[in-house]
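Protein chains: 4
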Amino acid sequence: MLSAQQLNTFLSHEFPQCPAVVEQVGERSSTVRYKVDVSALRPGGTVSGPTMMLLADVALYAAILGTIGLVPLAVTTNLNINFLRKPQADKDLIGVCTLLKLGKVLAVGEVSIYSEGEDEPVAHAVGTYSIPPKQ
Amino acid sequence: MLSAQQLNTFLSHEFPQCPAVVEQVGERSSTVRYKVDVSALRPGGTVSGPTMMLLADVALYAAILGTIGLVPLAVTTNLNINFLRKPQADKDLIGVCTLLKLGKVLAVGEVSIYSEGEDEPVAHAVGTYSIPPKQ
Amino acid sequence: MLSAQQLNTFLSHEFPQCPAVVEQVGERSSTVRYKVDVSALRPGGTVSGPTMMLLADVALYAAILGTIGLVPLAVTTNLNINFLRKPQADKDLIGVCTLLKLGKVLAVGEVSIYSEGEDEPVAHAVGTYSIPPKQ
Amino acid sequence: MLSAQQLNTFLSHEFPQCPAVVEQVGERSSTVRYKVDVSALRPGGTVSGPTMMLLADVALYAAILGTIGLVPLAVTTNLNINFLRKPQADKDLIGVCTLLKLGKVLAVGEVSIYSEGEDEPVAHAVGTYSIPPKQ
Chain A
108 MLSAQQLNTF LSHEFPQCPA VVEQVGERSS TVRYKVDVSA LRPGGTVSGP TMMLLADVAL
168 YAAILGTIGL VPLAVTTNLN INFLRKPQAD KDLIGVCTLL KLGKVLAVGE VSIYSEGEDE
228 PVAHAVGTYS IPPKQ
Chain B
108 MLSAQQLNTF LSHEFPQCPA VVEQVGERSS TVRYKVDVSA LRPGGTVSGP TMMLLADVAL
168 YAAILGTIGL VPLAVTTNLN INFLRKPQAD KDLIGVCTLL KLGKVLAVGE VSIYSEGEDE
228 PVAHAVGTYS IPPKQ
Chain C
108 MLSAQQLNTF LSHEFPQCPA VVEQVGERSS TVRYKVDVSA LRPGGTVSGP TMMLLADVAL
168 YAAILGTIGL VPLAVTTNLN INFLRKPQAD KDLIGVCTLL KLGKVLAVGE VSIYSEGEDE
228 PVAHAVGTYS IPPKQ
Chain D
108 MLSAQQLNTF LSHEFPQCPA VVEQVGERSS TVRYKVDVSA LRPGGTVSGP TMMLLADVAL
168 YAAILGTIGL VPLAVTTNLN INFLRKPQAD KDLIGVCTLL KLGKVLAVGE VSIYSEGEDE
228 PVAHAVGTYS IPPKQ
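And the structure:
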């Protein structure tokens with residue numbers, strides 16, 4: 108299994124300029140932090156929806172790669188996200204991912220997104236990655 | 108009904124730094140361009156998934172606001188996106204949105220996303236916005 | 108390409124007791140009718156949500172099989188449905204499916220569902236089928 | 108809070124002929140059983156997708172009504188379901204629902220569906236209900 112640091116090195120090549128950092132990776136799981144700064148904010152001081160979609164996508168990718176190793180051609184095929192509450196503008200977002208299935212061809216996982224330190228999620232996503240066949 | 112230019116002025120405040128531009132807005136519809144540059148690319152020369160999610164979100168927002176007027180507190184409650192084909196790295200993305208429902212409380216629309224000039228969509232999204240009650 | 112009648116014969120084995128009938132099948136498309144009777148109704152005289160999910164699922168299946176031939180092991184991997192308006196209790200439901208992608212491994216399509224004769228859809232679904240490798 | 112028995116009495120009016128039974132209802136949660144018999148099966152001895160969609164829909168409804176009381180006009184606005192593994196033909200399906208949000212207007216919840224006694228879910232759904240304003 109990969110370490111969070113190995114994943115961050117890999118992700119910094121895959122998603123350059125992405126302010127998401129893997130904090131923890133386990134068997135079929137990950138925790139990813141999105142450092143909220145002004146570029147992620149909308150008027151009214153809330154975090155934009157696409158920011159949370161990006162965090163969900165990265166958390167799924169981290170949980171999959173952390174379990175099966177670095178597969179650069181794994182791609183998202185579906186993502187469904189529900190926005191539940193207004194995130195706080197002055198707190199980082201934390202995405203907690205659990206894989207529901209890790210097959211040879213498809214992986215499916217869910218991600219709960221929190222404003223750091225809060226109990227109730229601000230968003231919840233479920234996504235599918237297609238895993239390329241081994242060479 | 109608003110013009111594309113009025114919407115772009117509004118969006119540049121709502122989504123600062125967003126490289127999506129409304130090209131056309133009609134009754135329950137919009138066309139939005141995402142100018143693809145290096146920051147949207149992943150290794151292998153393809154456009155990242157979150158970039159397409161952002162384009163879908165903006166296209167829905169443009170179609171809704173273009174029809175009902177500038178409602179800054181309309182927020183996305185759900186977005187579902189399927190990634191269908193690899194986008195081309197050297198072409199802009201074009202999102203074409205049609206609203207399926209525009210109720211008093213919820214609006215639902217679909218967005219087909221194309222690499223400019225191509226016939227087959229690279230992604231397809233369906234999203235819901237919650238519209239706040241009028242004051 | 109298969110005829111609607113060939114598909115109905117096949118579906119009557121795959122989904123016994125299913126009151127959905129393929130009316131038309133074309134290249135990457137289908138039209139399927141659900142005969143609404145009392146078993147599909149909820150109090151207030153509307154059609155139940157699961158009835159519309161079933162219709163969407165059958166319409167996707169018909170469009171895929173109509174194009175690639177009878178593949179009994181194709182299975183749904185994802186279905187997302189939005190309910191838009193109250194269906195009419197005294198009209199059949201008509202599902203109109205168009206495939207967005209028909210790959211070797213995955214097929215993705217959308218289905219608009221109408222109360223027969225109405226212009227505005229009562230529901231809209233997007234679904235993915237996994238297609239098994241050829242023997 | 109309602110009891111499982113009160114909910115079953117109510118559901119038998121709302122969804123007549125529905126073979127789903129509420130086993131447990133708690134604060135923002137429910138457990139619902141679908142008695143698998145031949146009418147839910149597809150060739151190959153697996154349970155049909157629409158059967159699992161129905162179970163997810165009922166589990167969400169039970170968790171919402173169990174918490175806020177009998178609101179007959181609550182309706183599903185969105186349901187997204189991923190099918191993960193082949194269910195077993197000779198076991199009932201168990202849907203376990205947790206609400207992610209229970210607002211005044213919208214409720215969102217997730218449902219994991221299991222073949223009874225198994226550890227890994229056969230399907231996972233996320234759905235939204237619209238709650239009508241109180242009279």
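Those sequence lines, one after another, are chains A, B, C and D.
Add 107 to the 1-based position in the first sequence for this note's numbering, that's all there is to it.
Add 107 to the 1-based position in the second sequence for this note's numbering, that's all there is to it.
Add 107 to the 1-based position in the third sequence for this note's numbering, that's all there is to it.
Add 107 to the 1-based position in the fourth sequence for this note's numbering, that's all there is to it.
Note that the Cβ used here is the ideal one computed from N, Cα and C, for glycine as well.
CA nearest to the CA of residue i, picked from the options
| i | options | result |
| --- | --- | --- |
| glutamine 195 of chain D | D/Gly224, D/Val182, D/Leu213 | D/Gly224 |
| threonine 184 of chain C | D/His120, D/Lys211, D/Gly156 | D/Gly156 |
| proline 239 of chain B | D/Val212, D/Val218, D/Val233, D/Ser219 | D/Val212 |
| glutamate 134 of chain A | A/Leu207, A/Asp226, A/Tyr236, A/Thr235 | A/Leu207 |
| alanine 226 of chain C | C/Gly173, C/Met160, C/Val203 | What sits at residue 226 of chain C in the sequence shown is aspartate, not alanine. Ranking the options by Cα distance to aspartate 226 of chain C, first place goes to C/Val203. |
| alanine 170 of chain A | A/Val129, A/Gly152, A/Tyr141, A/Thr116 | A/Val129 |
| threonine 205 of chain C | C/Thr174, C/Val143, C/Met160 | C/Thr174 |
| arginine 192 of chain B | C/Leu177, C/Val215, C/Asn189 | C/Val215 |
| asparagine 189 of chain C | B/Val233, B/Leu114, B/Thr138 | B/Val233 |
| alanine 127 of chain C | C/Met159, C/Gly152, C/Leu109 | C/Met159 |
| tyrosine 236 of chain A | A/Arg140, A/Ala111, A/Leu162, A/Gly210 | A/Gly210 |
| glutamate 217 of chain B | B/Val143, B/Ala163, B/Leu118, B/Lys142 | B/Ala163 |
| aspartate 197 of chain A | A/Gly176, A/Ser222, A/Pro179, A/Leu177 | A/Ser222 |
| methionine 108 of chain A | A/Ile201, A/Val182, A/Ser219, A/Val178 | A/Val178 |
| glutamine 124 of chain D | D/Leu172, D/Ile201, D/Ser219, D/Val165 | D/Val165 |
| serine 110 of chain D | D/Val182, D/Leu172, D/Ile201 | D/Leu172 |
| isoleucine 201 of chain C | C/Ser119, C/Glu121, C/Phe122, C/Tyr141 | C/Tyr141 |
| histidine 120 of chain C | D/Val139, D/Val143, D/Gly152 | D/Gly152 |
| phenylalanine 122 of chain A | B/Val154, B/Val182, B/Tyr168 | B/Val154 |
Interface partners of residue i on chain A, CB under 8 Å
| i | result |
| --- | --- |
| leucine 213 of chain C | Thr184, Ser237 |
| glutamate 121 of chain D | None at all; the shortest Cβ gap to chain A is about 24 Å. |
One or two residues paired with residue i in a DSSP bridge
| i | result |
| --- | --- |
| isoleucine 175 of chain B | The partner list for isoleucine 175 of chain B (beta bridge, DSSP) is empty, contrary to what the question assumes. |
| asparagine 189 of chain A | A/His231, B/Asn185 |
| valine 215 of chain A | A/Lys208, A/Thr235 |
| threonine 138 of chain A | A/Gln131, A/Val203 |
| threonine 158 of chain C | Paired residue(s): none; threonine 158 of chain C is not in a bridge. |
| serine 119 of chain C | Answer is none; serine 119 of chain C lacks a bridge partner. |
| serine 222 of chain B | B/Leu200 |
Local Cβ density within 10 Å of residue i, reported as buried at 16 or more and exposed below that
| i | result |
| --- | --- |
| leucine 186 of chain C | buried |
| proline 228 of chain C | buried |
| aspartate 199 of chain C | buried |
| threonine 116 of chain C | exposed |
| leucine 114 of chain A | buried |
| histidine 231 of chain C | buried |
| leucine 180 of chain B | exposed |
| serine 137 of chain C | buried |
| glutamine 219 of chain B | In the sequence as presented, glutamine is not what sits at residue 219 of chain B; that position holds serine. When all chains shown are included, serine 219 of chain B counts as buried. |
Proximal chain B residues relative to residue i, where beta-carbon distance stays under 7 Å
| i | result |
| --- | --- |
| phenylalanine 117 of chain A | What phenylalanine 117 of chain A touches in chain B: nothing, since even the nearest Cβ is about 10 Å away. |
Where residue i meets chain C, residues with beta-carbon distance less than 9 Å
| i | result |
| --- | --- |
| lysine 208 of chain B | Asn189, Leu191, Arg192, Glu227, Pro228, His231 |
Residue i: CB within 6 Å of a non-hydrogen atom of the ligand NAP
| i | result |
| --- | --- |
| serine 219 of chain D | Looking for the ligand NAP in the displayed structure turns up nothing, as the structure carries no ligands at all. |
Using a Cβ-Cβ cutoff of 9 Å, what residues of the stretch 184 to 201 of chain C are near chain D? List them in chain order. Thr184, Asn185, Leu186, Asn187, Ile188, Asn189, Phe190, Leu191, Lys193
Interface positions of the stretch 222 to 241 of chain A facing chain C (Cβ-Cβ less than 8 Å), listed along the chain: Thr235, Ser237
For the stretch 153 to 168 of chain B, which residues have a CB atom closer than 7 Å to at least one CB atom of chain A, in sequence order? The stretch 153 to 168 of chain B vs chain A, Cβ under 7 Å: Ser155, Gly156, Pro157, Met160, Leu161, Asp164.
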